[in-house]
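Residue numbers (my numbering), protein chains in the order written: chain A, 7 to 569; chain B, 7 to 569. Cβ coordinates follow ideal geometry from the N, Cα and C atoms, glycine included. What follows is one structure encoded as structure tokens, with my remarks underneath.
In structure tokens, the structure reads:
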């Protein structure tokens with residue numbers, strides 16, 4: 007294959023050779039008026055929320071969700087396919103926008119080195135996007151920690167709200183991987199330094215404010231959601247909210263620019279809205295509602311994605327983001343790689359370069375389950391096989407035959423090596439599927455069901471579990487939440503991304519398992535109840551040799567080591 | 007007086023009525039080439055450091071430092087005079103740039119509500135500048151805390167550098183007033199959560215990285231300075247540096263945009279570089295060297311300021327910033343108010359509206375000392391009396407006579423109420439003084455003197471102390487620092503700003519006092535040794551009713567409550 011012969015360039019090499027259009031041209035391409043956007047440098051812009059008012063009556067473009075099988079260390083390339091598909095749609099004459107999440111600095115400095123897609127399907131300028139971008143995450147960090155400071159000050163200055171310092175659930179954040187901050191004690195040093203208490207830090211992307219920013223419809227809605235945040239409980243064990251503290255205005259002020267979607271472009275000058283980035287465990291793992299809806303007003307097709315596999319990201323995209331944000335998805339792309347499917351079929355990571363039809367065949371069960379999930383939401387779909395150099399013709403033929411037998415549309419995606427050109431087959435098949443089968447999208451559960459019923463529905467229909475067990479602690483919380491009137495909210499499942507079950511070692515399509523819900527957490531501001539199964543990481547650690555060790559700036563001020 | 011009759015508008019009302027020029031016009035006014043600046047919105051820009059290379063051989067404009075008497079709760083308005091003087095110089099046909107510090111979010115949310123000058127002498131857009139601006143402080147916060155995470159990870163992953171967790175001096179930061187973070191314990195929760203140790207948070211502006219950014223000459227110098235940061239000591243009690251950890255490249259990468267000066271404008275469209283903002287106690291309290299030098303290349307006059315009174319800000323501007331940054335100041339404006347002088351003369355704050363010539367007369371001693379200090383640095387100066395509505399003609403006449411008797415040039419400044427127009431008298435007198443008397447600027451001490459001698463020189467010549475006492479702990483540190491080769495660095499005094507002595511209650515011009523140095527702290531990256539006298543606040547707290555409680559956003563997304 008040609009891609010084997012080419013010298014393989016790194017993402018940052020490709021990025022630094024890119025010829026970008028001034029962002030003014032991208033904005034004009036979208037017919038944005040001059041007062042509707044503000045430049046942040048020559049290649050980034052923030053778009054005013056007023057555009058939504060101007061285009062209120064315009065019909066929405068079609069929202070396409072890119073999801074994947076359960077991720078493995080072999081990689082899927084969901085973001086790369088998302089960017090590449092957007093480029094491909096433009097290449098064949100359609101008006102498409104890519105709408106994805108902003109990367110977090112923590113993983114960038116830690117292990118990943120960057121998160122803007124890859125190869126010839128990247129959003130640009132990747133150096134800026136991977137570092138501080140337009141400051142959205144820093145604004146969220148500041149708002150989150152301002153709230154913490156205001157809580158501790160409230161207690162220190164007399165504690166009018168009668169907050170129980172042992173029952174403060176609001177944590178501080180940094181947008182870094184910093185395990186030493188997971189559990190801390192603050193307020194030490196005597197009466198002038200505040201009230202001592204246990205506290206902890208999450209990574210910024212795990213903050214409820216991140217989830218709120220991504221679910222808010224406008225600035226007013228943002229303020230309302232912020233005011234509903236439960237920061238902990240008082241001595242009567244009743245919830246204390248941001249409204250009780252009276253600081254929703256200040257938090258909104260800190261976020262008034264961050265709520266505006268960021269406009270950038272891909273390597274092929276396809277417009278991209280890169281905005282928001284909530285964790286896909288403790289939160290819903292999707293880019294902002296505002297960006298997705300805005301993209302739908304500005305283009306005929308919006309290609310967007312959701313974190314992890316379809317059991318987590320897509321489920322939440324449908325049951326939380328689409329429902330709360332009033333977004334009507336039209337089709338789904340399910341990304342898989344032959345390497346990852348072989349891992350799901352039992353092959354060890356070290357051997358994935360070898361052809362192995364048997365492992366591939368066994369691994370298809372994982373894909374099959376996610377297909378059924380997408381079908382249960384009433385959505386047409388295409389399978390995208392994201393190509394790797396090691397894929398053999400026999401393996402590719404096997405997958406194509408497997409899909410043909412089941413009447414599933416499948417396309418090879420070569421967007422990493424070829425950009426939009428490598429996604430044309432996928433784009434054409436997607437449009438064909440959308441033409442043949444209309445979306446009958448509906449969420450999986452009704453908000454009036456109990457929290458237990460909602461969780462059971464997800465576990466059975468999406469994970470394929472035989473049932474759900476609630477720990478005694480969780481059962482007690484279910485009771486409390488009903489008393490507080492929180493039981494009519496959607497559920498945000500926090501589960502391992504590696505398996506359909508809550509056991510990360512069970513690859514493929516496990517059966518007969520039970521999901522154990524060990525704890526619930528209220529995200530009342532965001533508008534959902536988090537159900538925790540197993541351990542949930544809200545503050546990652548750094549590896550032995552962090553990516554930061556390879557980072558630098560060259561003599562021209564350009565980034566080194568962001569991949 | 008006319009200003010009494012006018013309805014007094016708040017700073018934010020004046021700001022929101024301002025007609026600003028697009029930043030492109032301001033950049034063009036400075037003859038910046040199109041590729042030398044990047045817009046951040048329509049009214050802010052970052053300037054490329056390449057401009058310095060292009061203008062290398064151009065003669066420098068004249069740098070004018072605005073300083074003040076010791077601050078009191080009555081207020082001096084140093085920033086307002088700085089902005090107003092810049093406007094006035096432009097009004098009378100000169101090319102002037104204002105170069106001041108960026109405000110910290112902590113005090114803005116806490117007590118002050120904003121820090122961009124006031125009245126009709128403000129830098130704009132004040133809402134943006136007071137909130138996240140172009141993200142410089144957030145970048146510093148991220149770099150600072152990334153270093154902390156990398157230190158803790160280094161220890162957790164095997165501690166190759168043999169760092170003693172009890173002797174880590176590097177602290178984390180937030181750009182907030184948050185007393186509960188002053189003293190914390192991190193790394194709790196067992197072996198997977200890192201190594202438990204005592205830690206603390208400073209406000210971002212008190213970070214050594216802030217001082218470094220403000221003293222760096224270029225990106226390469228920034229990296230060198232970062233690499234020299236001492237983060238603590240190993241078990242052999244030898245210093246451990248950022249270079250030992252190998253992360254200076256990553257920190258530089260995080261700061262590569264923050265090091266570029268920010269271009270904005272005043273209410274009267276005078277160009278302003280607002281860049282950097284180190285604390286004036288633990289650091290040197292001046293805007294960045296890069297911005298000041300760039301301003302000198304772009305204009306004939308640079309009006310800049312330094313934190314607190316002349317005993318702290320000006321002393322450090324001369325002995326640290328000018329020396330390390332190779333800046334040659336040409337003249338000084340000493341700001342005083344009649345109200346503050348009366349407080350120095352013994353009047354209580356509640357009575358300052360009353361005429362009191364006796365108190366004023368006594369208070370002049372404070373001004374007199376600062377005049378002598380400026381003279382000892384060899385610089386011509388003008389006294390600026392920043393007008394308040396309560397000033398009486400008799401009081402004004404007294405000051406004018408006092409100055410006349412001593413042959414000091416004095417001007418009334420009405421820039422708060424009248425903008426540049428109200429500063430023309432000051433500007434004219436300043437130019438006259440600069441014409442009559444050339445600067446014979448020299449730092450007060452030689453770098454080859456010992457740390458003790460440097461501190462004694464400052465205490466005697468600038469504070470008027472009779473001597474300096476070193477605690478046993480400080481004496482031990484003096485010895486150690488000599489061993490480490492740190493004794494040839496300038497000294498950064500951390501002293502109360504309210505008094506010339508180290509006792510904040512001693513107003514006026516105290517005499518016969520001794521300064522006690524209780525501790526030294528090495529800022530080897532920044533390139534100075536901090537000498538602590540009395541308590542030094544590196545993390546402020548919030549008041550009982552923080553300014554945040556009054557902050558909000560109106561229906562058009564505009565700020566409420568930033569003053």
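| Asked | Found |
| --- | --- |
| Whose C-beta lies closer than 6 Å to the C-beta of residue 7 of chain A among residues of the same chain, with five residues either side of it excluded? | Because residue 7 of chain A carries a pLDDT of 33, less than 50, the predicted location of this residue cannot be relied on, and the following value inherits that uncertainty. Excluding residues within five positions, none has a Cβ falling inside 6 Å. |
| Under the rule that 16 or more other beta-carbon atoms within 10 Å means buried, what is residue 11 of chain B, buried or exposed? | In this prediction, residue 11 of chain B has a pLDDT of 40, which is less than 50 and means its spatial position is unreliable; what the coordinates show is noted afterwards. Exposed. |
| For the beta strand (DSSP E) that residue 220 of chain A lies in, which residues bound it at each end? | Looking at the DSSP string, residue 220 of chain A is not in any beta strand (DSSP E); the run it does join, the alpha helix (DSSP H), is 214 to 221. |
| Could you tell me which residues DSSP pairs with residue 387 of chain A in its beta bridges? | A:338 |
| Report yes if the C-beta distance between residue 110 of chain B and residue 150 of chain B is below 8 Å; otherwise report no. | no |
| In the DSSP assignment, what are the bridge partners of residue 538 of chain B? | B:500 and B:525 |
| Residue 262 of chain A versus chain B: which residues are under 7 Å apart at the beta carbon? | 559 and 563 |
| Determine whether the Cβ of residue 44 of chain B lies closer than 8 Å to any Cβ atom of chain A. | yes |
| According to DSSP, is residue 234 of chain A helix, strand or coil? | helix |
| Going straight from the alpha carbon of residue 112 of chain B to that of residue 104 of chain A, what length do you get? | 37 Å |
| Does the CB of residue 253 of chain A have a neighbour CB from chain B at under 8 Å? | yes |
| Is residue 465 of chain A near residue 377 of chain A, with beta carbons less than 8 Å apart? | no |
| For residue 311 of chain A, which residues does DSSP report across the bridge? | A:72 |
| Applying the criterion that 16 or more other CB atoms from any shown protein chain within 10 Å of the CB defines a buried residue, is residue 65 of chain B buried or exposed? | exposed |
| Would a C-beta distance cut-off of 8 Å place residue 433 of chain A and residue 222 of chain A closer than the cut-off? | no |
| If I measure Cβ to Cβ from residue 288 of chain A and keep anything under 7 Å in the same chain, skipping five residues before and after, which residues do I get? | 212, 500, 536, 542 and 544 |
| Report the residue ranges of all beta strand (DSSP E) runs contained in full by the region 360 to 413 of chain B; include only those spanning at least 3 residues, in chain order. | 387 to 392 |
| Could you tell me the alpha carbon to alpha carbon distance between residue 131 of chain B and residue 497 of chain A, rounded to whole angstroms? | 42 Å |
| Please report how far the alpha carbon of residue 53 of chain A lies from the alpha carbon of residue 70 of chain A, in whole angstroms. | 22 Å |
| Does DSSP classify residue 277 of chain A as helix, strand or coil? | strand |
| Name the chain B residues whose beta carbon is nearer than 8 Å to that of residue 506 of chain A? | Simply none; closest approach about 26 Å. |
| Residue 9 of chain A to residue 398 of chain A, Cα distance in whole Å? | Its pLDDT being 42, under 50, residue 9 of chain A is placed unreliably by the model, and the measurement read from it follows with that caveat. Whole-angstrom Cα-Cα distance: 14 Å. |
| In angstroms, rounded to a whole number, what distance separates the CA positions of residue 474 of chain A and residue 386 of chain A? | 29 Å |
| Specify whether the region 544 to 553 of chain A and the region 167 to 187 of chain A touch according to this definition: at least 3 beta carbon pairs, one from each stretch, less than 8 Å apart. | yes |
| Exposed or buried, which one is residue 127 of chain A when buried takes at least 16 other CB atoms within 10 Å? | buried |
| Would you say residue 587 of chain B faces chain A, with C-beta separation under 8 Å as the test? | Here chain B covers residues 7 to 569 and nothing more, so residue 587 of chain B does not appear. |
| Please work out which residues of its chain come closer than 6 Å, Cβ to Cβ, to residue 301 of chain A, disregarding the five sequence neighbours upstream and downstream, and give them in chain order. | 103, 105, 279 and 308 |
| What does residue 162 of chain A reach in chain B if we use C-beta pairs closer than 8 Å? | 185, 186 and 547 |
| Could you check where the alpha helix (DSSP H) with residue 248 of chain B kicks off and where it finishes? | 248 to 251 |
| Taking the C-alpha atoms as reference points, what is the distance between residue 363 of chain B and residue 427 of chain B? | 28 Å |
| Cβ atoms of residue 450 of chain A and residue 332 of chain A: under 8 Å apart, would you say? | no |
| For the alpha helix (DSSP H) that contains residue 27 of chain A, what are its first and last residues? | It is not in any alpha helix (DSSP H) - residue 27 of chain A carries neither H nor E in the DSSP assignment. |
| With respect to the alpha helix (DSSP H) encompassing residue 300 of chain A, which residues constitute its N-terminal and C-terminal limits? | 295 to 304 |
| Within the 8 Å Cβ cut-off, does residue 144 of chain A reach chain B? | yes |
| Could you check if residue 195 of chain A belongs to the surroundings of the ligand SAM, using beta carbon to heavy atom distance under 7 Å? | Absence of the ligand SAM from the depicted structure is noted, as is the absence of any ligand whatsoever, leaving it without description. |
| Bridge partners of residue 292 of chain A, per DSSP? | A:312 |
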